[in-house]
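In this note's numbering, the protein residues as written are 2 to 888.
Just so you know, even glycine gets a beta-carbon here, dropped at the ideal spot from N, CA and C.
What you are looking at is a predicted structure, and each value in this text was computed from that prediction instead of being measured.
Here the structure comes first, spelled out in structure tokens, and everything after it is commentary.
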């Protein structure tokens, strides 16, 4: 047994419990599947007697049936006894208890034990078996449970009368279903808190919410959660197998999310009888129920499904047993008596329980052995070890707690109030997560168990009230946390209404702020022209949209009219550059058009719009976009309008219009001074490597050109370099995009066209007459590494003669790297521009007709010098440069 069950208390000898029982007392067993009315029958029988005790397997059930009995007989006549809670009026006649806490030293007319088949449970079964063998009412004793225990009842309880009760309704297997397709009033069963939370979260998102039922919940929290379900605030229940033990709720379908559970020792598959115990919660009274699997759980086999439907299960072979006639002469004698072998073959030892483990550990302590020398002390030690380990921390903290309680009571006579107050204060913190609140509730339950022992505490009633109040506060906080996390009342209400009828029956409206209300609940908002649902997932979104669209039937035409007459300031581009926005919301998308400056506009898919409205929106956006492009790129359109009838200029402007203001020039493309002048007057720069308009290199123009380029290329707009950036890695962005944006490839980097042209012009002017040393300042000017400068200049067609070391026989610094000048382009083959093809802007031009032989001779020494400079090992290379400078 991993942990003592709820309400574990001192056991009594069989002889003591049998005293005063008439030999004619009737012993009955009422057996059958779930939903047979067994528990109802037992309570009716008990209340018909002068007194009675009924034991339930769960504290929750004991509390639930206590409330039912109080409603019938009054609060002064009914008692509740569990490990943590004792409500015993002076004149109480009927007792609702956990099986472990049944006060069997009382003489009562009637005794009943519910779920008697739990005698076979390896953890708690020995308690139920002890009640089966020894608990008897003076007039009548009744055991309630499943038919699987019938053969063992006949052998262990001679003369027992067994009555079989059939199920009142039919239980049918429906196979596997998706979580989102489960019908309303379904219970989903999982076997760990993590599974329960995950399923509950999905149900909240898809179906509006669910209630949670787990064995760790306090009765107050459990009742509050069940009330959510029973009051139909939610239509789904997610639970552990705790619902299989007599919790009666309005469940139509039980879906298993798992078919295995951890039994305290290992993961094992559920038996068909265990599946039936839980599945039987579906259908109440005469209403039929269904069961199946869901989530990742595999479907049931045909044999198991048929066995559950027909309630056919293998009978139990053995019942768990532990000796209850204990020897308290010493701790060792007590341990020996607890380990006594079962007296009959039908009985077997169960799992080693936590109380026995705690006793064995404490009995080995010399300090504890010194204190436990009498029978009374040994009995107190055993009762201390029976404190339930509700927290299950997996360490020795529970054993230390048992030792502390024993030490306080044996030495001081009572548990100190200061210690008790500190324990309650440590756990009474209503804030935190669901798991932390459940952990604190477990701690308070331990405190409540101690407070329920008047022989351990002075003023036990006060401490019982303190622990009850603390449990209530934590229970309320836990219920609030569970509800906040797993329940969306708005969604649950609307989805239920939609499931029950047509969306046309729901009242819907749109507020002035654009909020869409259905039945008074906000379900979304109108953003631009789109209806956006908030807080709903598919398929519920589709259901809600049916109801919400009715509210926007008049709102959408009004908004289309407003858009069609809106000023240009209401429109803009989205951050991604691919969408057009109206009042901050996307309404259309840019697509590839017949040219770069005229992209196609595609209105976003919207079921609320008809074709006429779409076309009206598209026309208005087209008007705005055309005006915006002409405004931002005004220099380009002005140049196009100003060109004369010169075909060459018209052709150049056509190329610029097609490329958005920047056109890369081919290496052999012709340039003339006359053409250069004409273009300059139009604001067009014919650079060394590109034809561009400097005015279009400004940030606003660059952004628009990027948007148009990406729309033309059908790609998303990348993040553009900042206006202050001079160079970027050549592979930072796609090459085609960078070419169109005017970022020219220069070796390992790209440089903006206007900056590159300015640099080339400057260096060409410096090297017009002779080479000049390469300045290191160029690297910082271009924001590149020093070792990359030569590769960058080479990409800009600037010839650099690298540094050459001196001959070993020579002394002095090596010759520096020299800028020789720009590589000359080959003449164009066009007859009209053959003479001008070799002209390079920025250099002085000499007429070929005026060139004389003297001029030719003047240039001959320079050519010879150049030839000598190209010889890497010429000793006078540097001197030649200096002589040219001096001349």
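Asked	Found
Using the rule of at least 16 other Cβ atoms within 10 Å of the residue's Cβ for burial, across every protein chain shown, is residue 896 buried or exposed?	Outside the shown range of the chain, which is 2 to 888, sits residue 896, and nothing can be said about it.
What span of residues does the beta strand (DSSP E) with residue 262 cover, start to end?	261-263
Pick helix, strand or coil for residue 773, following the three-state DSSP scheme.	strand
What three-state label does DSSP hand residue 587 in the structure shown?	strand
For residue 322, which three-state DSSP category applies?	strand
Closest to residue 46 by CA distance: which of 145, 232, 743, 412 is it?	145
Short check: CB of residue 431 to CB of residue 474, under 8 Å?	yes
Using a Cβ-Cβ cut-off of 6 Å (strictly less than) and excluding sequence neighbours within five positions of residue 597, which residues of its own chain qualify?	661, 709, 713
Which residues bound the beta strand (DSSP E) around residue 28?	27-32
Between the C-alpha atoms of residue 478 and residue 257, what's the straight-line distance to the nearest angstrom?	29 Å
What is the rounded straight-line gap between the Cα of residue 592 and the Cα of residue 493?	41 Å
Looking at C-alpha atoms only, which residue of 681, 414, 676, 579 is the closest neighbour of residue 649?	676
On the three-state DSSP scale, how would you describe residue 220?	helix
Have a look at 54, 752, 301, 459 and flag the residue whose alpha-carbon is nearest the alpha-carbon of residue 736.	752
Helix, strand or coil for residue 51, going by three-state DSSP, please let me know.	coil
With a Cβ-Cβ cutoff of 8 Å, do residue 531 and residue 607 count as a contact?	yes
Go ahead and label residue 304 buried or exposed: buried means 16 or more other beta carbons lie within 10 angstroms of its beta carbon, across all protein chains shown.	exposed
Between residue 32 and residue 151, how many whole angstroms is the CB-CB distance? I'm expecting something under 8 Å.	6 Å
Taking only three categories from DSSP, how would you classify residue 464?	helix
Span of the beta strand (DSSP E) holding residue 143?	141-146
Under the three-state reduction of DSSP, which class applies to residue 393: helix, strand or coil?	coil
For residue 806, I'd like the list of residues in its chain whose CB is within less than 6 Å of its CB, leaving aside the five on either flank, ordered along the chain.	815
Please state if the CB of residue 705 and the CB of residue 634 are separated by a distance shorter than 8 Å.	yes
Considering residue 730, what are the terminal residues of the alpha helix (DSSP H) in which it resides?	That residue, residue 730, is in no alpha helix (DSSP H); its beta strand (DSSP E) goes 728-730.
Any idea which residues DSSP pairs residue 177 with across the strands?	294
Figure out for me which residue from 659, 636, 742 has the closest Cα to the Cα of residue 696.	636
Taking Cβ positions, are residue 389 and residue 364 nearer each other than 8 Å?	no
What did DSSP end up calling residue 629 once you bin it into helix, strand or coil?	helix
Determine the contact status of residue 104 and residue 111, defining contact as a CB-CB distance below 8 Å.	no
Considering only their Cβ atoms, is the gap separating residue 415 from residue 459 smaller than 8 Å?	yes
What would DSSP say about residue 593, mapped onto helix, strand or coil?	strand
Report the rounded CA-to-CA distance for residue 41 versus residue 63, giving the unit in angstroms.	13 Å
So, are the CB atoms of residue 819 and residue 772 less than 8 Å apart?	yes
Report the start-end ranges of each alpha helix (DSSP H) in the stretch 736-761 that is 4 residues or longer and not cut off at the edges.	736-742
Just how far apart, CA to CA, sit residue 339 and residue 58?	23 Å
Where does residue 359 sit, in a helix, a strand or coil, going by DSSP?	helix
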